[in-house]
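Going by the numbering used here, the first residue of the sequence shown is number 421, and it counts up by one from there.
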Amino acid sequence: MKISPALLHPASLRPLALACVTALTLSACVSTGRYQVDAPAVPATYGRGDATLNTPTEPVSEQPHATSADVRTDAWWTQFGDPGLDRVIDRALAANTDLVSAGLAVQRARLQAGLADNALWPQPSGSVSSSGNRPIDQSADWNRGSSAGVSLGWEIDLWGRLRTQRDIAQWEAQASQEDLQNTALLVISDVATQYWTLAFLNQSINAGQANLERLQRTRELVQARFDAGAVSRLDVRQAAQSLEAQRAAQSALVQQRVAARNALTVLLDGQPLSVADEPQQLQRVASPVIAEGLPADLLGRRPDLRAAELRLRNSLKTIKVTATQYYPALSLTGSVGTGATSLSDVLKNPVATLGAGLSLPFLNVRQAQLNTRLAGTDYQIAANGFRRTLYTALSEVDNALSARTQFATQVAASQASYDEAVEIERMYEVRYRVGATDLRTWLEAQQTRRDAELSLASVRQRQLINDVTLFKALGGSAG
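Here's what the structure looks like:
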């Protein structure tokens, strides 16, 4: 409503004072202090399954962490020492569609923050109008008129609502930036995973082709011995069955490679990796060295947790915004126009030409209390969700660290198993050629060697993918 200058007399300000007192009473009912939750107890060291190591750290700071570094500059993937992997990740970071979308979301959030900051300042507006009239029964000249005006509106931020909304928008912009970093981290890990999958499949297909050639020679040997009457037709059929089984296994690997290539092409924005650039084997790749006793505060670098923390703080701030929406809002408006009071009059008597508007939404106390409690409940739900996210992150890191230790054992054991299988196959081949054993025993030894070879490659692939998972869980390099 408009308030005339006469109403600015002290006696007329009593209703406004009453409104302020009522609003202050209401603010006591909707304080955000009652919605504070305990900080999560973060283990000082990763337990590796040992609960005695999971001692709580100091409570989490009430201030947001500093902006995280760009995960692209961390370049933790270079620790694998594979230039081919480095090149394909660089391509993905330059063209991935998910990263483009996340970047646009950051721009949008920053624009929203700019709008929220702009609301704290006077809002100008202008208008221009023109009109004309003439009596229809007279030949008089037209009566023409025109006017132009400029107005300025300013909502006084009595209760900090606009400032709080600005803070929320700025924190959301920071959270969107963390979303971008998290998207980059996920893209890098996905590219590395598909890269190692291609390396495993290419190595397995190459080994499978060598096995096909070996089985073909075995079949020819058995056929020659059958023609000489040294073995029965059963041996010929057993040799043929082993050969065809290997063909089927080879075909399955080829199809898996097609799927892996397509998955990597999607990550590269539809530009496939050339066959010449594909990794051909895993054995030359070294697993990065990671020091023992990683501190729990490394998780503070995870962009998904940082984004969740910022949005949790926003949720708490939203309680205040919800509450202050029911406080009296005072707006000042002023206008200057060619069809109104002259500018000189405004400067001489500003009170007479300014209007003040007071809205009183706080009168609906019940609705204010319910909406504020609803916002508080949303915050408590978000806080519990954040705690779960944090503990899940700790679990992911501990799982990856434990798996890293176990994979080292599995790789060593698988290598020893493969070496033994190669020697056993060689010995059975010698025995078969001199007639000291039957064909089935030799074929079984060949299959055992092939299984051991594939198992070794698979364990090595999963070890490298687990290393990628560990870096992703830590939010980057472990140092």
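Glycine included, C-beta positions come from ideal geometry on N, C-alpha and C.
- Contact between the segment 688-702 and the segment 616-626 is present, with at least three C-beta pairs closer than 8 Å.
- Contact between the segment 585-597 and the segment 716-733 is present: three or more C-beta pairs spanning the two stretches fall below 8 Å.
- In this model, Leu-790 and Asp-798 are separated by some 12 Å (Cα to Cα).
- Taking 8 Å as the cut-off, the Cβ atoms of Trp-616 and Leu-884 count as close.
- Setting aside the 5 residues that flank it on each side, Gln-636 is surrounded in the same chain by Leu-663, each with a C-beta closer than 8 Å to its C-beta; the list follows chain order.
- Taking C-beta atoms under 8 Å as the contact rule, Gln-666 and Val-656 fail to qualify, at a distance of about 16 Å.
- Taking one beta carbon from each stretch, the segment 606-614 and the segment 801-817 have fewer than 3 pairs nearer than 8 Å; the two do not touch.
- In this structure the segment 680-697 lies against the segment 513-522, because at least three pairs of beta carbons, one per stretch, are closer than 8 Å.
- If you check the CB distance, Gly-504 and Ala-706 do not come in under 8 Å.
- In the DSSP assignment, Phe-891 falls within the alpha helix (DSSP H) that extends over 859-894.
- Apart from the 5 residues on each side of it in sequence, Ala-525 sits with its Cβ closer than 6 Å to the Cβ of Ser-596 in its chain, given in chain order.
- For Gly-855, the secondary structure class from DSSP, reduced to helix, strand or coil, is coil.
- Excluding the 5 residues flanking it on each side, Asp-490 has no same chain C-beta neighbour closer than 6 Å.
- Rounded to whole angstroms, the Cβ separation of Ser-897 and Asp-494 is 6 Å, and the two are in contact under 8 Å.
- Counting only the Cα atoms, Phe-646 lies some 6 Å from Ser-652.
- Distance from the CA atom of Arg-870 to the CA atom of Asn-516, rounded to whole angstroms, is 38 Å.
- For Asp-494, the enclosing alpha helix (DSSP H) begins and ends at 491-494.
- Asn-804 is classed as exposed because its beta carbon has fewer than 16 other beta carbons within 10 Å across all chains shown.
- Comparing alpha-carbon positions, the option among Val-674, Pro-715, Ala-612, Ala-802 lying closest to Asn-734 turns out to be Ala-802.
- As the crow flies, the alpha-carbon of Gln-800 is around 37 Å from that of Val-611.
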